[in-house]
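If you want the working numbering, it's the 1-based position in the sequence shown plus 1414.
Where a beta carbon is used, it is the ideal one built from N, C-alpha and C, also for glycine.
Since the structure is predicted, the reported quantities are computational estimates derived from the model, not experimental observations.
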Amino acid sequence: ATGTGSTFVGYWAGRYVTSGVSNTFIGDASGYAVTTGSKNTIIGKFSGNQGGLDIRTANNYIVLSDGDGNPRAFWNGTAQNRQINDGQIRYAEQTFDWGNVSSVSQNMESLFPNLPTSVNSTFVIQVVTGQSASTSGGAQIIAHKTGTNTWNFNTTSLGGVTTTPSGSGATLTLSFSIGAQYGYAMVRALVVT
1415 ATGTGSTFVG
1425 YWAGRYVTSG
1435 VSNTFIGDAS
1445 GYAVTTGSKN
1455 TIIGKFSGNQ
1465 GGLDIRTANN
1475 YIVLSDGDGN
1485 PRAFWNGTAQ
1495 NRQINDGQIR
1505 YAEQTFDWGN
1515 VSSVSQNMES
1525 LFPNLPTSVN
1535 STFVIQVVTG
1545 QSASTSGGAQ
1555 IIAHKTGTNT
1565 WNFNTTSLGG
1575 VTTTPSGSGA
1585 TLTLSFSIGA
1595 QYGYAMVRAL
1605 VVT
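This is the structure we're talking about:
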């Protein structure tokens, strides 16, 4: 390992770090596959590229893994994508925002690339919208995807804007009752595998 300012504890921990700096890897072969990624923290046997998570060249990740190297929880470099996996229940959080539009679509598989969201997924979506002080609103949406193209919704809208969800395939669409809105959504996903 040639990266500076790093701490590696465990047989072959950080073995192939070339220019990555300020990493902390604790565990047998922890961070073994990481090369140029910097400021990452790994606790456990996660190699840096296992279980659908690849941080070999990424920065500022925190990964907790089990004794086989499977990532059980991680936070990405922006701290917005938190994922937890206990082997049967997988949980993640992510956000997205949009400009002045009357509807917005988001592909859930793109938003959560490390989760199997194609079926049996539940999403809790908190939405904040606004165009001006008099046309702001919010919504809480519970969306359940039971098949490849089967979505069920329970929606509570607040304020002057009604948010109406719809789904097609992996894509969730939010439409706003009074036209174009700026907005932000926090999405929590729960998948039982």
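Would you report the Cα separation of residue i and residue j, rounded to the nearest angstrom?
i	j	result
N1566	V1423	48 Å
G1513	G1544	10 Å
G1583	E1523	10 Å
G1573	G1451	44 Å
V1431	A1447	8 Å
G1465	Q1508	19 Å
K1559	N1534	5 Å
G1441	L1467	17 Å
V1605	V1542	24 Å
V1480	W1426	The amino acid occupying residue 1480 in the given sequence is Asp; Val does not appear at that position. Going by the C-alpha atoms only, they are around 17 Å apart.
P1579	A1557	8 Å
S1433	A1472	12 Å
G1458	S1436	17 Å
A1443	K1453	17 Å
S1550	R1504	33 Å
G1597	T1564	26 Å
In the DSSP assignment, find the unbroken alpha helix (DSSP H) run with residue i in it and report its ends.
i	result
I1525	Per the sequence shown, the amino acid found at residue 1525 is Leu instead of Ile. Its alpha helix (DSSP H) spans residues M1522 to L1525.
Assuming residue i and residue j make a contact with CB atoms under 8 Å, what is their CB distance in whole Å?
i	j	result
V1518	A1594	V1518 to A1594, Cβ: 10 Å. No contact.
Q1520	L1586	5 Å
F1526	A1603	5 Å
G1428	G1445	5 Å
T1421	T1438	5 Å
For the beta strand (DSSP E) holding residue i, just list the boundary residues, first then last.
i	result
P1530	Per DSSP, P1530 belongs to no beta strand (DSSP E) and is neither H nor E.
T1560	G1551 to G1561
N1566	T1564 to G1573
G1597	Q1595 to V1606
Q1508	I1503 to V1515
I1592	Here I1592 belongs to no beta strand (DSSP E), and DSSP marks it neither H nor E.
T1455	T1455 to I1457
T1418	Per DSSP, T1418 belongs to no beta strand (DSSP E) and is neither H nor E.
A1427	That residue, A1427, is in no beta strand (DSSP E); it is neither H nor E in DSSP.
R1486	P1485 to W1489
S1479	I1476 to S1479
G1466	From DSSP, G1466 is part of no beta strand (DSSP E); its letter is neither H nor E.
Does the distance from the C-beta atom of residue i to that of residue j stay below 7 Å?
i	j	result
Y1475	N1490	yes
P1485	F1460	yes
Between the options, which has its C-alpha nearest residue i's C-alpha?
i	options	result
N1568	S1591, S1582, G1561 and A1553	A1553
R1470	D1480, H1558 and I1456	I1456
T1562	I1555, I1503 and G1581	G1581
Q1540	T1438, N1521 and S1571	S1571
S1589	G1597, T1577, I1503 and A1603	T1577
V1601	V1575, G1481, T1564 and F1537	F1537
L1529	T1438, A1506 and A1599	A1506
I1555	S1591, A1599 and I1592	A1599
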